[in-house]
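Residue numbers are given in full-length UniProt numbering: position 290 of the sequence shown equals residue 290, and the series is strictly consecutive.
Cβ coordinates follow ideal geometry from the N, Cα and C atoms, glycine included.
Remember, predicted model here, so these are calculated numbers, not experimental data.
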Amino acid sequence: MSFVVWRLLHGWLPVDDVMNKKGIALAPKCMCCAQMETLQHVFFTNPFAQQVWSHFGTLVGIKSHNIRSIQQLLRTWSLSVNTAGHIKQVIPIVILWVLWEARNKAKHSAIPFSFRRLRNRIMSILTLNAKANMTQTKYWTGDSFIANQLGAHCKSVKHKLPTLLCWEKPEKGALKLNIDATFKDGRGGYGGILRNDQGELVVAMGLEGKCETPLDAEIQALSFCLQECTARGYKEMGVEIDSLQLVQMIQGKITHWKIQNKISQIAALLASSSSTLTHILRERNMAADWIAKYSWKSRRHLLWEADTRHTGMKNLILLETSGLPQICLG
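Written as structure tokens, this is what we have:
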């Protein structure tokens, strides 16, 4: 299966469009509709493929309506988890294999495409794989209900009781920089807020820009806010973000080679400013979250200084410095 995916990503699977480009004259017509048979069409844009991606994406909480290519789709699935072999990394490989299998059956055996047949075939392969190899809880983190559907018996995860969390002021004489991002419709909103040991605003910044995935938005937000603060001479900041995956990447605990250059640049910014990076829960990052969403909506480069009169910003800071807690459901 992985070999098929590798050939797909290199453009080496022999669909009609590829064969034509190699000088073999074929009528590049899709076997399920009247469109040209290209790799993108077979595996992503044809109506049956769209149904399959939507069905299984909905099952695990991954939306594909803002995604424009199979490469972007695979990246979104892969970066949604940081555990090798997780069900969210297995499903897309199986889907691609089954779509290729169905295309060949339609072309060479005249077996028509059917969403029901595709779905059942994918579920059958996933079930066999789950029962044979995927019995550890780590493969189902956040998606354990799928394990039950596939008949994989793994240890149940204990649910934590709700807790109360609030933003915490930095130590005396220190600065704290909270950063967050939002992602929607192929755009990211980036927000950061730097405060002193009294919780008072030093500077806050926001920006909107194009990005491909939620993780990409988090990376750009962290890079943007660090550059804004270091350009103003701020150093020795305690930087907090609510993306554990990104923190682990910068710490070198997990890697993704496609974005390693960006990760290295952020690590260099942190080192040059003698700043530290810490993961926090989103309930302790509400101000940065608000700025990120406000930036996405306004589509502007935003900047607030200590003497800002912006009512929303002032109220937000007052709310967090008051110590009013947010409920964390585990």
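Presumed contact (8 Å Cβ cut-off) between residue i and residue j, rounded CB distance
i: G57; j: L39; result: Contact flag wrong, Cβ pair sits at about 20 Å.
i: T278; j: E240; result: 5 Å
i: G252; j: A174; result: Not really, about 25 Å apart at Cβ, beyond 8 Å.
i: Q87; j: W77; result: The question names Gln, yet the displayed sequence has Ile at residue 87. The Cβ separation is near 10 Å, so there is no contact.
i: L26; j: M19; result: 5 Å
i: A287; j: I263; result: So it is not a contact: roughly 25 Å between Cβ atoms.
i: L13; j: W100; result: 7 Å
i: P92; j: L74; result: 6 Å
i: L194; j: V202; result: 4 Å
i: N285; j: D180; result: 5 Å
Reduced DSSP secondary structure (H/G/I, E/B, other) of residue i
i: G312; result: helix
i: M36; result: strand
i: A106; result: helix
i: N196; result: coil
i: V15; result: coil
i: K29; result: strand
i: L281; result: coil
i: I241; result: strand
i: R117; result: helix
i: K172; result: coil
i: N178; result: strand
i: T255; result: coil
i: E212; result: coil
i: E305; result: strand
i: K22; result: coil
i: Y234; result: coil
i: P57; result: Here residue 57 is Gly; the residue named in the question, Pro, does not match the sequence. Note: G57 maps to helix in three-state DSSP.
i: K63; result: coil
i: R187; result: strand
i: T135; result: Unreliable placement is indicated for T135, whose pLDDT of 49 sits below 50; the coordinate value is still reported in the next sentence. Coil, per DSSP.
Residue i, buried or exposed, once every other Cβ within 10 Å from all chains shown has been counted against 16
i: N46; result: buried
i: Q198; result: exposed
i: F3; result: exposed
i: N315; result: exposed
i: A217; result: buried
i: E320; result: buried
i: residue 333; result: With the chain covering only 1 through 330, there is no way to say anything about residue 333.
i: N178; result: buried
i: Q291; result: Note on identity: in this sequence residue 291 is Ile, with Gln being the wrong assignment. Classification of I291: buried, given that the 10 Å Cβ count is 16 or more.
i: K176; result: buried
i: S124; result: exposed
i: A110; result: exposed
i: A49; result: buried
i: S295; result: buried
i: A204; result: buried
i: E37; result: buried
i: R299; result: exposed
i: G312; result: exposed
i: R121; result: buried
i: A192; result: The sequence shown places Gly at residue 192, not Ala. So G192 ends up on the buried side.
Closest residue to residue i among the options (Cα-Cα distance)
i: L281; options: D242, K21, Q251, V247; result: D242
i: L270; options: S223, N315, K253, V18; result: S223
i: R103; options: R7, A267, M31, L26; result: M31
i: L128; options: V94, S114, K107; result: V94
i: V5; options: L244, C33, F43, Q35; result: F43
i: Q265; options: A34, S80, Q220; result: Q220
i: A268; options: I122, W53, Q227; result: Q227
i: S322; options: Q51, L165, K107; result: L165
i: H41; options: T276, E168, D16, L246; result: D16
i: R116; options: S274, N196, H55, S273; result: H55
i: E168; options: A34, N196, C33; result: N196
i: V60; options: L244, C229, Q89, S275; result: Q89
i: A231; options: N261, L207, I250, S272; result: S272
i: K29; options: K22, K21, K107; result: K107
i: V247; options: T276, K105, K172, S69; result: T276
i: V52; options: Q71, K21, R119, C33; result: R119
i: P170; options: E236, C33, S274, K105; result: E236
i: S114; options: K172, C33, L207; result: C33
beta-carbon residue i near the ligand GDP non-hydrogen atom, thresh 6 Å
i: L59; result: In terms of ligand content, the structure shown is empty, and the ligand GDP therefore cannot be addressed.
Checklist entry - Pairing CB atoms from the region 203-213 with CB atoms from the region 179-193, are three or more of them under 8 Å? => result yes
Checklist entry - Per the contact definition of three or more C-beta pairs closer than 8 Å, is the region 301-311 in contact with the region 249-269? => result no
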